[in-house]
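Before any comments, here is the structure.
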Amino acid sequence: MSARFAAHPARFAPLLLIAALLAPLFADDYWFNAILIPFLTLALAGLGLNILTGFAGQLSLGSAAFMAVGAFAAYNFQLRVPGLPLLASVVLGGLTAAAVGIAFGLPSLRIKGFYLIVSTLAAQFFVQWALTKFAWFSNDNPSGVISAPRLLVAGHDFSGALGRYWLTLGIVTALTVAARNLLRSPTGRRFMAVRDMETAARVTGVPVLRTKLLAFAVSSFYCGVAGVLWAFCYVGTVEPHGLDLTRSFQVLFIIIIGGLGSVAGSFLGAAFFVLLPILLDHIARGLLSGSLDAGNLENAQKLLFGVLILLFLIKEPEGLARLVEVGWRRITELLRRRLPALSQVLARRTGGHTYPEIGGNREI
Amino acid sequence: MQFFLEVLVGGLLAGVMYSMVAIGFVLIFKASGVFNFSQGAMVLLGALTYVSLVERDFSPWLALLVTLAGMVALGVAIERVVLRRLVNRSPLTLFMATLGLSFIIEGAAQAMWGAQVHGLELGVPDLPLSFSDVFISQFDLFAAATAATMVGALSLLVTRTKLGIALRAVADDPLAALSVGISLPRVWGAVWAIAGVVALVAGLLWGARTGVQFSLSLVVLKALPVLIIGGFTSVTGTIVGGLLVGAGEKLAEVYVGSLVGGGTEAWFPYVLALGFLVVRPTGLFGEAAVERV
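Respectively, the protein sequence lines represent chains A and B. The numbering of the first sequence is our numbering, which starts it at -3 and goes up by one. The numbering of the second sequence is our numbering, which starts it at 5 and goes up by one.
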């Protein structure tokens, strides 16, 4: 019986989507610009890295580089190919990032584990250097900071806060569904096989090389599209500066805290990283009434992030995704004991069965 | 030719500084398999603590002593509070834990001592010496001598002391070491403490060169390719790797960088390291890991 109530929170994704669709009813421009759009963008980047690190087991410190490649590629396609639809250049931006991702993923065929950090760091430093050094990428703009193009899709202007939100939400939702399906397909299982034990995967017939490169390509595609959204929909300018090593680390922390190897975890982690600084800012301003200056606030934030990362790694390696799952299980359990009638309704609502889980107790 | 030699020697000596940071890495990696990203943060903390103490009217020796004690305490504390709770977890998890550690150490160092740039004077003049028309910085020579002394002291420690032998035993085979009564936590604590001391020495030398500031903790990003080239488990390797990276990046910047607009130092070491990896996946002196299913 209790299994019937172990309805997984991920099953509420449709409800969350409805909430996202209703967001314009109560959210204002601040919510769109400072919370919802960066949240969706970072969640997509986190999902991209999670595919590579959480599912295929290849560590990367170059996510922000692939975001930058995507952003600049989409900008240049938009600029140099007249009449190219916006969505097409978003896809082309992602594909360019995927190509660059494959190039820097090639060494993973020969090296593994920590040695791979070097390849992805090389990507991070090289891409940033190339984008700032060669003016062609930024259309010979002297400042190197270029404004994003107008966001026209099928004749509609998506440049307002609400429009950018719809655009981001649409792309992120579509890609999330695609990722979920991919990760449940044989390809996704091969990713996990390579992650869990490469040698064993090889001897059971998994084409390890192709699987790894595919993981790099898919991951970089997601990061690239996230980069396009970051530049076009969030900051509104295309520049390499916001997409440096710090951003790569942030994306990594998003999936550590959210949950490695969990699609939902990427979203939880991103929400956490967007909301926590705002919360800290409010606390510093409210409780301490501004006695903490910006530098100290940044140090405090760093300390707190560090402690949280350690805490999650030690206490809950599967991250917020797992915490939410456990929390949900507790609530349904409590309901079952206290209010059997209600819980039965709930169980029926959310489809009462769990399906067999592969690769640890992870829901993807 | 003379210019080439000057660039080469300057690069080699800069490489010695990279090796100093990389040595701390190797010690920890060998003994516990932890890829310690927080080594850079420890460099920053060591230098910053020393400078701040001197500025608060501690005599240099007392400041050095206090800082040393602090670094040892930090190493032991990291083992107690963090590593002991992460025993038997995947290397990836341990690496990410050291990322978190580096955030904590950087945040704490700057919260404690402030974020401004401090000048650091070690009493070694930075004057060029001339050797048959090739100018070499006196300070760089001093740094190289310090590094050589440190490597010598470390190899004595490893070969001649009981702790060193225990350390090598653990690096060789942790299970066998355990069974003959070596306490793993104690060895790990010792290794982290030694790495802290190495970080302090590196921090003082780097700090005297560039000023003590946040960018010191980014030295870790230069030490990474050094490690890759030298292999994760060899002190000799880090020296060779450091020299290769130092000389390579300076020569590349001077002779190739001018063709593409400069700034190649940011990525050149990584590309060099990648080149080495493709030929030798375990680095020049690294040991190949045997994999079992």
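In this text, a Cβ means the ideal position worked out from N, Cα and C, and glycines have one as well.
Test: residue i CB closer than 7 Å to a CB of chain A
{"i": "residue 46 of chain B", "result": "no"}
{"i": "residue 284 of chain B", "result": "no"}
{"i": "residue 271 of chain B", "result": "yes"}
{"i": "residue 232 of chain B", "result": "yes"}
{"i": "residue 275 of chain B", "result": "yes"}
{"i": "residue 84 of chain B", "result": "no"}
{"i": "residue 88 of chain B", "result": "no"}
{"i": "residue 107 of chain B", "result": "yes"}
Alpha-carbon spacing of residue i relative to residue j, whole angstroms
{"i": "residue 71 of chain A", "j": "residue 159 of chain B", "result": "55 Å"}
{"i": "residue 180 of chain B", "j": "residue 22 of chain B", "result": "34 Å"}
{"i": "residue 47 of chain A", "j": "residue 100 of chain B", "result": "17 Å"}
{"i": "residue 240 of chain A", "j": "residue 122 of chain A", "result": "11 Å"}
{"i": "residue 97 of chain B", "j": "residue 315 of chain A", "result": "12 Å"}
{"i": "residue 260 of chain B", "j": "residue 35 of chain A", "result": "42 Å"}
{"i": "residue 221 of chain A", "j": "residue 119 of chain A", "result": "17 Å"}
{"i": "residue 319 of chain A", "j": "residue 263 of chain B", "result": "54 Å"}
{"i": "residue 111 of chain B", "j": "residue 299 of chain A", "result": "5 Å"}
{"i": "residue 274 of chain B", "j": "residue 282 of chain B", "result": "12 Å"}
{"i": "residue 179 of chain A", "j": "residue 185 of chain A", "result": "7 Å"}
{"i": "residue 58 of chain A", "j": "residue 13 of chain B", "result": "32 Å"}
{"i": "residue 63 of chain A", "j": "residue 29 of chain A", "result": "19 Å"}
{"i": "residue 88 of chain A", "j": "residue 69 of chain A", "result": "7 Å"}
{"i": "residue 128 of chain A", "j": "residue 104 of chain B", "result": "30 Å"}
{"i": "residue 331 of chain A", "j": "residue 166 of chain A", "result": "35 Å"}
{"i": "residue 249 of chain B", "j": "residue 257 of chain B", "result": "12 Å"}
Residue i - DSSP class collapsed to helix/strand/coil
{"i": "residue 356 of chain A", "result": "With a pLDDT of 43 at residue 356 of chain A, under the threshold of 50, the modelled position of this residue cannot be trusted, and the question is left open."}
{"i": "residue 80 of chain B", "result": "helix"}
{"i": "residue 139 of chain B", "result": "strand"}
{"i": "residue 186 of chain B", "result": "coil"}
{"i": "residue 305 of chain A", "result": "helix"}
{"i": "residue 286 of chain B", "result": "coil"}
{"i": "residue 233 of chain A", "result": "strand"}
{"i": "residue 56 of chain B", "result": "helix"}
Option in the options with minimal Cα separation from residue i
{"i": "residue 213 of chain A", "options": "A:235, A:230, A:175", "result": "A:175"}
{"i": "residue 169 of chain A", "options": "A:325, A:336, A:335, A:14", "result": "A:14"}
{"i": "residue 313 of chain A", "options": "A:276, A:330, A:137, A:253", "result": "A:253"}
{"i": "residue 208 of chain A", "options": "A:22, A:112, A:29, A:291", "result": "A:112"}
{"i": "residue 79 of chain A", "options": "A:137, A:92, A:147, A:125", "result": "A:147"}
{"i": "residue 91 of chain B", "options": "B:178, B:141, B:213", "result": "B:178"}
{"i": "residue 115 of chain A", "options": "A:101, A:221, A:77, A:297", "result": "A:101"}
{"i": "residue 155 of chain A", "options": "A:33, A:324, A:222, A:299", "result": "A:33"}
{"i": "residue 116 of chain B", "options": "B:238, B:275, B:163, B:54", "result": "B:54"}
{"i": "residue 105 of chain A", "options": "A:331, A:311, A:195, A:249", "result": "A:195"}
{"i": "residue 152 of chain B", "options": "B:80, B:275, B:57, B:242", "result": "B:242"}
{"i": "residue 83 of chain A", "options": "A:153, A:294, A:96, A:137", "result": "A:153"}
{"i": "residue 142 of chain B", "options": "B:154, B:209, B:190, B:89", "result": "B:209"}
{"i": "residue 132 of chain B", "options": "B:75, B:146, B:238", "result": "B:146"}
{"i": "residue 122 of chain B", "options": "B:71, B:108, B:212", "result": "B:212"}
{"i": "residue 273 of chain A", "options": "A:296, A:163, A:310", "result": "A:296"}
{"i": "residue 29 of chain B", "options": "B:11, B:48, B:10, B:236", "result": "B:236"}
{"i": "residue 234 of chain B", "options": "B:199, B:276, B:201", "result": "B:276"}
{"i": "residue 76 of chain B", "options": "B:169, B:190, B:270, B:218", "result": "B:190"}
{"i": "residue 223 of chain B", "options": "B:270, B:194, B:6, B:154", "result": "B:270"}
{"i": "residue 117 of chain A", "options": "B:227, B:246, B:18, B:15", "result": "B:227"}
Under 7 Å between C-beta atoms of residue i and residue j
{"i": "residue 74 of chain A", "j": "residue 20 of chain A", "result": "no"}
{"i": "residue 211 of chain A", "j": "residue 204 of chain A", "result": "no"}
{"i": "residue 206 of chain B", "j": "residue 24 of chain B", "result": "yes"}
{"i": "residue 187 of chain A", "j": "residue 61 of chain A", "result": "no"}
{"i": "residue 99 of chain A", "j": "residue 216 of chain A", "result": "no"}
{"i": "residue 66 of chain A", "j": "residue 232 of chain A", "result": "no"}
{"i": "residue 20 of chain B", "j": "residue 119 of chain B", "result": "no"}
{"i": "residue 110 of chain A", "j": "residue 39 of chain B", "result": "yes"}
{"i": "residue 317 of chain A", "j": "residue 244 of chain A", "result": "no"}
{"i": "residue 254 of chain B", "j": "residue 58 of chain B", "result": "no"}
{"i": "residue 266 of chain A", "j": "residue 39 of chain A", "result": "yes"}
{"i": "residue 45 of chain A", "j": "residue 247 of chain A", "result": "yes"}
{"i": "residue 89 of chain B", "j": "residue 310 of chain A", "result": "yes"}
{"i": "residue 185 of chain B", "j": "residue 83 of chain B", "result": "no"}
CB contact below 7 Å: residue i versus chain B
{"i": "residue 302 of chain A", "result": "yes"}
{"i": "residue 190 of chain A", "result": "no"}
{"i": "residue 82 of chain A", "result": "no"}
{"i": "residue 15 of chain A", "result": "no"}
{"i": "residue 251 of chain A", "result": "no"}
{"i": "residue 268 of chain A", "result": "no"}
{"i": "residue 357 of chain A", "result": "Its pLDDT being 43, under 50, residue 357 of chain A is placed unreliably by the model, and the measurement read from it follows with that caveat. False, the Cβ-Cβ gap to chain B never drops below 7 Å."}
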